[in-house]
Amino acid sequence: MKLKLDEQAFERPSQIQEFVQGLQSQFLPLKFAYIGSAAFTHDQLVKSPSYRLSDIESTLIRERFYTDIVTRLGLSKKSLNIIDIGSGNGLKAATVLDVLFSNQFSVRYLGLDYSQNLLKIAKENIASTLPAFGIINTEVIDFESESFSDAVLKYLPIDQYSLFVLLGHTLGNPLNRIAALTNIRKSIIDKNSSGFCVGIELFDEAKVNETLMNYQNDAFRAAVFTPLTFIGLSPEDGLLDIGFNHSTKNVEVYFEFYQGVHIDCGALGSVVYEKGDRILLFLSHRFDLDTLHRNFAETKFEIVATLLNPKANYALLFSVPV
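Count the sequence shown with this note's numbering and you get residues 41 to 362, in order.
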């Protein structure tokens, strides 16, 4: 079957090159499930009733974020910078902003994401959720491959406490999680007036099936498959295999081709898949607390608070740069 890459599906030329490299390596990083038209399927996924991780995290934030994290900062004035890394459709941080507003905090917000389309959706969602909120700043960055201190300096006052947040289990998505944490650490300008809060799902061998249930729904399948529509594929052209890799502790989603395909990538050449070949579309790592402490220490963060949900399978971690 002959296919052609639709260059109009992308937001900027650099994404096209990265996408073709992903096709060649048989691994499309999850960030491609957020660009172009995929931004809208991602928004629908997060808003769907089947997306339970956001409910678990938002409950933790509403019940414990202020009392267990914000109050311990000991701020002399009720003002904060919120730097939302991998902001997605904005609803994760909207819960944080709502909690701060409810406690009479003045907040400056900066949303950072790989997709301009998704940042536009985030601005709309935050504005509709919190109509009284002021300016919603956003910037396109790829925290998996670069630091972003310039964006922070561009939009936010450096004489105000800065809380960097990485919510929705986003830390589990990069292939190189140490590099991602290192880029975040390099982006913190003043370590004495900055903190880093991460929302993360924890590994539990007894609850693997429960973990997979979060992905066994039509909204997720549509969202994870959307990048393959950029080359003209349909779901009927192969098998979407959702599973858990026990050796790596990763949720993995592969697409297996029912027939051979030749993908014309224009000036970047072509990519060929044979019948039965597979491409990895989704990787989401599950952490244990010991590994998280090691990873954070390696990248010069110290975890000073760990907030767990009642089932102890989701955590909000508050750390400080050292």
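Cβ coordinates follow ideal geometry from the N, Cα and C atoms, glycine included.
Name the residue from Ser155, Phe173, Lys132, Ser202 whose alpha carbon lies nearest to the alpha carbon of Val180.
-> Ser155
Where does Ile176 sit, in a helix, a strand or coil, going by DSSP?
-> strand
Counted within 10 angstroms of its Cβ, other Cβ atoms place Leu288 as buried (16 or more) or exposed | Reading off the sequence, residue 288 comes out as Thr, not Leu. Under this definition Thr288 is an exposed residue.
Determine the DSSP secondary structure at Tyr106, reduced to helix, strand or coil.
-> helix
So, helix, strand or coil for Pro53, using DSSP?
-> helix
Considering only the beta carbon of each residue, do Ala363 and Thr169 sit closer than 8 Å?
-> Given that the chain is displayed from residue 41 to residue 362, the structure contains no residue 363 and the question cannot be resolved.
Between Leu158 and the rest of its own chain, which residues show a CB-CB distance below 6 Å, the 5 nearest in sequence each way excluded?
-> Tyr74, Ala79
Top-ranked residue by Cα proximity to Phe260, from Pro275, Arg217, Gly306, Val248 | Pro275
For Lys132, which residues from the same chain have a beta carbon less than 6 Å from its beta carbon, with the 5 sequence-adjacent residues on both sides left out?
-> Leu207, Gly208
As assigned by DSSP and simplified to three states, the class of Ser116 = coil
Count the other CB atoms, across all protein chains shown, that sit within 10 Å of the CB of Ala172; report buried if there are 16 or more and exposed otherwise.
-> exposed
Among Arg225, Leu323, Ser202, Phe265, which has the Cα closest to the Cα of Ala337?
-> Arg225
Would you report the Cα separation of Thr107 and Leu347, rounded to the nearest angstrom?
-> 11 Å
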